[in-house]
Amino acid sequence: MSSLVGFISLVLAILFNLYLVISNFFIKNNSNVFNLIVRISSFLTIISFFSLMFAYVISDFSNFNVFQNSHSEKPLIYKISGTWGNHEGSMLLWLSILSIYGFLFSLTKNVSLKFKQETLLIQISLHILFGLFIIFTSNPFLVNSILVSEGLGLNPILQDPGLAIHPPILYAGYVGYSIVFSLAIAGLLNNNSDDWLYIAKKWSLISWTFLTAGIALGSYWAYYELGWGGWWFWDPVENISLMPWIAGLALVHSLLMVKGEQILKKWIIFLSILCFSLSIFGTFLVRSGILTSVHSFASDASRGLFILLIFFIITGFGFLVFLLKTPEKSKPVNFLFINKVSALVINNILMIIATLTILLGTIYPIIVEVLTNDRISVGGPYFNSTVIPIMVPGFLLMSIAPILSWQTNRIRNARLYVLGFIGISFIVLLQSYFSTFNTWGVLGLILGIWIVVASFISIILSYRINYSFKIIQKINPHIAHIGVGIAIIGITCSSVFNNEYEFNINEGDKFQIDNTNISLEKIEITNEINYQALRAKFLVQKNKKIVASVKAGKNYYPVSKIITTEAGIFHEWFRDIYFILGDQKNNNWFVKVYINPFVSFIWIGVFIMVLSGLVGVTKR
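First residue of the sequence shown: 3, per the numbering used here; consecutive thereafter.
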């Protein structure tokens, strides 16, 4: 019954949207009726999604999607999150978020009714495209042809709390750019209306904030689940999420230049189209399965081609309108020697170059395989040696941005900033001289610390500090920059100054790392709800006192016959001790230990950026 309700609701939602689009060419829809139908369509799409979720919760194996991706013995949280742990369900989640955003935009009051309606028409056209794709190629409501009493189960890697929060938040970021796209196209079609520019500020910031949180959650999930001791692998799916994030960052900064007059309006329109296009293209690459990725569980080559077709339709339409309707006149940028505008423009150019560099590295293996039938891989060395050098100048510009003015060459308090930068550089170089010198490590630490210090200096010099929310809104860009600086420190230290140790030990054996004593207390096997757990218990001692008990091991899932790694992590303020239990040989267990300094700073910095993004959304 739930499958039938879900399917009918989805079909009705698409039919309502089709009516709005078709009728718009023949009659002028009443705004109240138009908004009502938009909201009904959104409501029906949500019903469809929750119908699928209900089928998962009750283990309705008459639904073929539930049969393929669930099991009656799964904990409730994995039944719920399993709804989007597959291709069909994830696309329905995408469509549902698209509907929610359309509903929220229909409530907007600070825009003309005509412009709102035109924006919503583009938004519901996107709904129709993706809705038809789901119905004809990825229907999650197909009925199982045979009577079964049990399902095949969810991929064990996905049986983690990360599945419950990472995909929805990430999709909220991806799909959020659909509103920015619709706003830009509506602005072009509506005789280059400027209404959308100010609305787009909030929507672009909402999208970027969700995308930032989603990427961070995904990296932390990979950090503790995959068992390789790292948080970023330059996996194709990671790259795909990073591209709209960087382009979205450029868009957010570009919209800052809309200060009473339209500066770089063409560039802003271009970025608005590009961000959503990259989101769709990323969806194609993930779902097509043409790239090897840890996300290959939700891939299908045939259906990926349909997503590629949708990508060409949307992107082609967007850039065609951009070429035909883009404004001929926009205020020229006043490139003086150095000012905020020129710094933002240069920074944006660097961000787009970085985005294109990541795109090239990601799709190059596809191009080579098509042309030569040879398979190659492009990994960390390429991206580290190309993307990082491009982004570093951008971060340097970001650090000096507070001392620049908008339209003059006047640099405020330049001497103080120069002395601060020299002081920080000297301290970092001195510390590196007496420890381990690494060029990238030194540059990263100088850059990260300098961004944090420069942001604090700017706050102190520019604002009278009090505890009012208005002051927080004013200093919010500096707070975001502080988060960036902290994250850079964490990225640098955990990537450059990490250490790896290997041991072959048995129960009761001890080993020492730096000033820390670690012992393997015991190995135990337990039976959980839907898997068998092998756990090694490690005791961490400092100054002859036990400071932590850490468990690491493996899980065996009998339904899928898959073994997963479960890392054990002891979090300290300035480092993580990361345990991986290997195989047993000659009565000894192979144990790998990573020391990751300042890795927690990555997520602390991202958390600050996300908070800053949420504060920015509240600013009018």
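Ideal Cβ placement from N, Cα and C applies to all residues, glycine included.
Expressed to the nearest angstrom, what Euclidean distance is found between the alpha-carbon atoms of residue i and residue j?
| i | j | result |
| --- | --- | --- |
| Phe45 | Ser101 | 8 Å |
| Leu144 | Phe319 | 32 Å |
| Val343 | Ile426 | 27 Å |
| Val380 | Gly363 | 6 Å |
| Gly104 | Val40 | 8 Å |
| Asn375 | Pro479 | 48 Å |
| Val370 | Arg377 | 7 Å |
| Asn588 | Phe505 | 13 Å |
| Gln586 | Val593 | 9 Å |
| Ala252 | Ile354 | 8 Å |
| Val23 | Ala456 | 51 Å |
| Lys268 | Leu346 | 15 Å |
| Ser614 | Ile474 | 9 Å |
| Leu95 | Ser496 | 34 Å |
| Ile565 | Gly555 | 10 Å |
| Gly262 | Val619 | The predicted model places Gly262 with a pLDDT of 43, which falls under 50 and marks its position as unreliable; any figure quoted below should be read in that light. One C-alpha to the other measures close to 19 Å. |
| Gly492 | Ser274 | 31 Å |
| Gly443 | Ile126 | 48 Å |
Which residues mark the beginning and the end of the beta strand (DSSP E) in which residue i is found?
| i | result |
| --- | --- |
| Glu509 | No beta strand (DSSP E) holds Glu509; DSSP gives it neither H nor E. |
| Lys111 | Run containing Lys111: none; DSSP gives neither H nor E here. |
| Thr528 | 518–529 |
| Ile565 | 564–568 |
| Asn557 | 547–559 |
| Lys539 | 534–544 |
Can you name the start and end residues of the alpha helix (DSSP H) that residue i belongs to?
| i | result |
| --- | --- |
| Lys621 | It is not in any alpha helix (DSSP H) - Lys621 carries neither H nor E in the DSSP assignment. |
| Thr121 | 115–139 |
| Gln433 | 416–435 |
| Leu257 | 238–257 |
| Ser496 | 471–498 |
| Ser83 | 78–83 |
Does residue i come out as helix, strand or coil in the three-state DSSP assignment?
| i | result |
| --- | --- |
| Ala356 | helix |
| Leu46 | helix |
| Trp233 | coil |
| Asn590 | strand |
| Gly175 | helix |
| Arg637 | Since the first residue of the chain shown is 3 and the last is 622, residue 637 is not available in this structure. |
| Gln70 | helix |
| Phe27 | coil |
| Leu447 | helix |
| Ala456 | helix |
| Val347 | helix |
| Phe439 | coil |
| Leu406 | strand |
| Val145 | strand |
| Gly262 | Confidence at Gly262 is low in this model, with a pLDDT of 43, below 50, so the placement of that residue is unreliable and no value is reported for it. |
| Leu199 | helix |
| Gly155 | coil |
Measure how close the beta-carbons of residue i and residue j come, nearest whole angstrom, since I'm counting them as under 8 Å.
| i | j | result |
| --- | --- | --- |
| Met393 | Leu352 | 7 Å |
| Ser50 | Gly8 | 5 Å |
| Ala188 | Phe117 | 6 Å |
| Asn508 | Trp591 | 7 Å |
| Leu156 | Gly250 | Not really, about 31 Å apart at Cβ, beyond 8 Å. |
| Leu185 | Trp205 | 7 Å |
| Phe459 | Tyr419 | Phe is not the amino acid found at residue 459; the sequence shown has Ile there. Their Cβ separation, rounded to whole angstroms, is 7 Å, which keeps Ile459 and Tyr419 in contact under 8 Å. |
| Ser114 | Ser53 | About 36 Å; that fails the 8 Å criterion. |
| Val177 | Ile99 | 4 Å |
| Lys553 | Arg577 | Not confirmed; about 19 Å, so no contact. |
| Val595 | Tyr533 | Not a contact, Cβ separation roughly 25 Å. |
Take the Cβ of residue i as the centre, count every other Cβ of all protein chains shown within 10 Å, and call the residue buried at 16 or more, exposed below.
| i | result |
| --- | --- |
| Asp516 | exposed |
| Met93 | buried |
| Trp575 | exposed |
| His573 | exposed |
| Leu257 | buried |
| Ser470 | exposed |
| Asp237 | buried |
| Pro599 | buried |
| Met3 | exposed |
| His129 | buried |
| Ser221 | buried |
| Ser551 | exposed |
| Phe428 | exposed |
| Lys81 | buried |
| Lys76 | buried |
| Lys111 | exposed |
| Phe212 | buried |
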